[in-house]
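Novice: First, the structure itself, so that you have it in front of you.
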Amino acid sequence: MMYNTFTTGLVATLLAGAQIASAHIEMSFPPPFRSKFNPNADPGSIDYSMTAPLKDTGADYPCKGYHVDFGTASGKSTATFVPGQTYNMTTAGTASHGGGSCQLSLSYDKGASFTVIESYIGNCPLAGKYDFTIPTDTQAGEAIFAWTWHNRIGNREMYMNCAPVTIAANNKRGVATTAFSTRPQIFVANIGNGCKTDENFDVQYPQPGPNVVEASGAPVKGPEGSCGASAPAGNPGSGSGSGSSASSVAAAPVTTSAPAQTSAAAGGNPGGIFITVPSDGPSQGGIFLPSATDIVNAPSSSAAAVVSSASVSAPAVAITTQAPVQTTLQSITKPSTTVVVSAPAPIATGTSPDNGTGNGSAAGAYAVGAACTSEGAWNCIAGSSFQRCASGTWSTVMQLSAGTSCSAGESAQLKMIAKKHLGNGPSLVATRGVTATLTSPTKFFN
């Protein structure tokens, strides 16, 4: 009898250990950073606990911290996708916690933001294989592909695996019904950010995006707490265009249902200085340039122009920026070659804006849920964390990943900075979008 009791206890212990070892789910394709499925992973850094969730403090968000391998030998691309084509994402593991909801997303800024391309609401990841389509207007280049999952049963957790992928060029792609730049950011909860999902329910994502698969009969419920709404993030231009001739944008109102974007990826760097002039809302006065130092290829046109009474003291360049919901775009051109221009934010004539789009909060972070009027504005706190104005309130403060920082203050774009030295040449400080600072104006390095 004692033998049977001991044997029973031993078997139970072994079974429990086996369950822990095989617990949870992990993405198997595309192969994630430091995954046993990744042929490029450094054998000494493989995470055999890839199925574990993110820390409840959010300390390893995003990607369990493994996105730092992006651009290294162990972080080489593990899959190639073509815009407009359909593929499948696969998972491995048996403990699916009764299901939940999942999202697939892409990051073009080394993990600072993730744009949703597919949402699965309910019973995910029970199937083990999920089809998704790369949006037709997805930018060609290297990106981080992410799978996120919020489980139905068990501890309130968030799972996230990330893989390095290549988005191929597709010259025959059609017109996107929803612009990539207007797609939402991924939903983040259960990692100490003030947003929680309820147990025994599959979370109903507040902003799932246009591509949604909803499970029939699944118990769904919205999140609780200071979750805010996922705000659109622009698809950064590649900066690889030649911009051989000047182009112009008609000075007429452009009304869109979501932020519109001009991008260097659409056909080279356009000529001229593009200035966004708000046509609606408060603080109508003034002409505002982005608060960034930009390097682009400007045209060699001999034309010159003056906008209102604003004075631009630096040589003219092409500045790519996102337009608000309703904007009037105007184009002016000045002679230039490849140059560096520093534009303080804001440079204005007339009245100054009072809607939170200026240089930002010198005091640091806003209280979570505090009212804001500049939808989509970013607030960089001390260069190490950030929050965003979404649905009229400030989001929770999120920490930046290791090795990156941001330009402190409040602005329309989050200026991410990651220093990299290019051989014997000048140092390049790359920022989010098509924003960069080069210590020498003689050459531009992609």
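For the sequence shown, the residue numbers in mature numbering (1 follows the signal peptide of the UniProt record, and there is no 0) are -23 to -1, 1 to 423. Ideal placement from N, C-alpha and C gives every residue a C-beta, glycine not left out.
1) With 16 as the cutoff for other CB atoms within 10 Å, does residue 87 come out buried or exposed?
2) How is the beta strand (DSSP E) around residue 127 delimited, first residue to last?
3) When DSSP labels each residue in this structure, what does residue 33 get in the three-state scheme?
4) Just to confirm, is the Cβ distance from residue 37 to residue 31 under 8 Å?
5) Put residue 386 into one of helix, strand or coil per three-state DSSP.
6) What number of angstroms, rounded off, separates the C-alpha of residue 34 from the C-alpha of residue 369?
7) Determine, using beta carbons only, whether residue 89 and residue 381 come nearer to each other than 8 Å.
8) Is DSSP giving residue 45 helix, strand or coil here?
9) Does the distance from the CB of residue 68 to the CB of residue 102 come in under 8 Å?
10) Taking the straight line between their C-alpha atoms, what separation do you get for residue 50 and residue 141?
11) Going along the chain, which residues of its own chain have a beta-carbon closer than 7 Å to the beta-carbon of residue 146, five neighbours each way excluded?
12) What is the DSSP secondary structure of residue 192, reduced to helix, strand or coil?
13) Count the CB pairs spanning the region 154 to 171 and the region 190 to 199 that are closer than 8 Å, and state whether there are at least three.
14) Closer than 6 Å by C-beta to residue 125: which residues in its own chain qualify, once you throw out the five before and the five after it? Chain order, please.
15) Drop a sphere of 10 angstroms on the beta-carbon of residue 121, count the other beta-carbons inside from all chains shown, and report buried for 16 or more, exposed for fewer.
16) Could you pull the start and end residues of the beta strand (DSSP E) that residue 10 belongs to?
17) For residue 78, which three-state DSSP category applies?
18) Which residue wins for smallest C-alpha separation from residue 152, given the options 186, 196, 60, 174?
19) Pick from 168, 46, 129, 201: whose alpha carbon is nearest that of residue 183?
20) Can you determine whether any heavy atom of the ligand ATP sits closer than 7 Å to the C-beta of residue 137, and answer yes or no?
21) Within 10 angstroms of its Cβ, does residue 179 collect 16 or more other Cβ (buried), or is it exposed?
22) What is the C-beta distance between residue 139 and residue 40, in whole angstroms, given that I count them as a contact (C-beta under 8 Å)?
23) From residue 55 to residue 10, what does the alpha carbon distance come to, in whole angstroms?
24) Would you kindly report the start and end of the unbroken beta strand (DSSP E) that includes residue 92?
25) Counting C-beta neighbours from all protein chains within 10 Å, is the total for residue 347 16 or more, i.e. buried, or is it exposed?
26) Can you name, in chain order, every residue of its own chain whose Cβ lies under 7 Å from the Cβ of residue 105, other than the five neighbours on each side?
27) Determine the DSSP secondary structure at residue 40, reduced to helix, strand or coil.
28) Looking at C-alpha atoms only, which residue of 98, 133, 48 is the closest neighbour of residue 185?
29) Looking at the strands, I want to know which residues DSSP matches up with residue 65.
30) Leaving out the 5 sequence neighbours to the left and right, which residues in its chain are closer than 7 Å to residue 169 when beta-carbon positions are compared?
31) Work out the CA separation of residue 1 and residue 426 for me, nearest whole Å.
32) So the candidates are 46, 385, 353, 58; which of them puts its Cα closest to the Cα of residue 109?
33) Do residue 449 and residue 388 have their C-beta atoms closer together than 8 Å?
34) If I follow the unbroken beta strand (DSSP E) through residue 366, where does it start and stop?
35) Have a look at residue 386 and residue 371 and give me their C-alpha separation to the nearest angstrom.
Specialist: So, to answer that:
1) Translated into positions along the sequence shown, residue 87 becomes position 110. Burial call: buried.
2) For this step, residue 127 is matched to residue 150 along the sequence shown. Its beta strand (DSSP E) spans residues 118 to 128.
3) Stepping through the sequence shown from its first residue, residue 33 is reached at position 56. Looking at residue 33 - three-state DSSP - the assignment turns out to be coil, as it is neither helix nor strand.
4) Translated into the one-based positions of the sequence shown, residue 37 becomes position 60. Translated into the one-based positions of the sequence shown, residue 31 becomes position 54. Result yes, Cβ atoms of residue 37 and residue 31 sit closer than 8 Å.
5) Numbered from its first residue, the sequence shown carries residue 386 at position 409. Strand, per DSSP.
6) The residue given as residue 34 occupies position 57 in the sequence shown. The residue given as residue 369 occupies position 392 in the sequence shown. Rounded to the nearest angstrom, the two C-alpha atoms are 26 Å apart.
7) Numbered from its first residue, the sequence shown carries residue 89 at position 112. Numbered from its first residue, the sequence shown carries residue 381 at position 404. Yes, Cβ-Cβ distance for residue 89 and residue 381 is below 8 Å.
8) In the sequence shown, counting from the first residue as 1, residue 45 sits at position 68. Residue state, collapsed to three classes: helix.
9) As a position in the sequence shown, residue 68 is number 91, starting the count at 1. As a position in the sequence shown, residue 102 is number 125, starting the count at 1. Result yes, Cβ atoms of residue 68 and residue 102 sit closer than 8 Å.
10) Numbered from its first residue, the sequence shown carries residue 50 at position 73. Numbered from its first residue, the sequence shown carries residue 141 at position 164. C-alpha separation (whole angstroms): 11 Å.
11) Walking along the sequence shown from the start, residue 146 turns up at place 169. Excluding sequence neighbours, residue 146 sits near 117.
12) By 1-based counting over the sequence shown, the position of residue 192 is 215. In this structure, residue 192 counts as coil in the three-state DSSP scheme.
13) no
14) Position 148 of the sequence shown holds residue 125. Excluding residues within five positions, the ones whose Cβ falls inside 6 Å are 80, 137, 163.
15) Sequence index remark: in the sequence shown, residue 121 carries index 144 (1-based). Buried: at least 16 other Cβ atoms inside 10 Å.
16) Here residue 10 refers to the residue found at position 33 of the sequence shown. Here residue 10 belongs to no beta strand (DSSP E), and DSSP marks it neither H nor E.
17) Within the sequence shown, the letter at position 101 stands for residue 78. The answer is strand: DSSP assigns residue 78 an E or B state.
18) The residue labelled residue 152 in the question sits at position 175 within the sequence shown. The option with the nearest alpha carbon to residue 152 is 60.
19) Start at 1 with the first residue of the sequence shown, and residue 183 comes out as number 206. Checking every option, the nearest Cα to that of residue 183 belongs to 201.
20) The ligand ATP is not among the ligands present in this structure, which contains no ligands whatsoever.
21) For the purposes of this step, residue 179 is taken as the residue at position 202 of the sequence shown. Buried, because 16 or more other Cβ atoms sit within 10 Å of the Cβ of residue 179.
22) Stepping through the sequence shown from its first residue, residue 139 is reached at position 162. Stepping through the sequence shown from its first residue, residue 40 is reached at position 63. Yes, they are in contact, since the Cβ atoms of residue 139 and residue 40 sit about 4 Å apart, within 8 Å.
23) Here the question's residue 55 lines up with position 78 in the sequence shown. Here the question's residue 10 lines up with position 33 in the sequence shown. Their backbone Cα atoms lie some 9 Å apart in a straight line.
24) The sequence position of residue 92 within the sequence shown is 115, counting from 1. Run containing residue 92: 92 to 98, per the beta strand (DSSP E) assignment.
25) The residue labelled residue 347 in the question sits at position 370 within the sequence shown. Classification for residue 347: exposed.
26) The sequence position of residue 105 within the sequence shown is 128, counting from 1. Cβ within range, chain order: 67, 68.
27) Counting from 1 along the sequence shown, the entry for residue 40 is found at position 63. It is helical.
28) Locating residue 185 in the sequence shown gives position 208, where the first residue counts as 1. Of the listed residues, the one whose Cα sits closest to residue 185 is 98.
29) Working through the sequence shown from its first residue, we reach residue 65 at position 88. Partner(s): 108.
30) Residue numbering aside, residue 169 sits at position 192 when the sequence shown is read from its first letter. Taken in chain order, the residues that qualify are 33, 34, 35.
31) In the structure as shown, the chain begins at -23 and stops at 423. Residue 426 is therefore absent and cannot be evaluated.
32) As a working note, residue 109 is residue 132 in the sequence shown. Comparing Cα positions, the closest option is 58.
33) Beyond the ends of the chain as shown, which are -23 and 423, falls residue 449; an answer cannot be given.
34) The residue labelled residue 366 in the question sits at position 389 within the sequence shown. Start and end: 362 to 367.
35) Here the question's residue 386 lines up with position 409 in the sequence shown. Here the question's residue 371 lines up with position 394 in the sequence shown. Cα to Cα, the separation comes out at about 14 Å.
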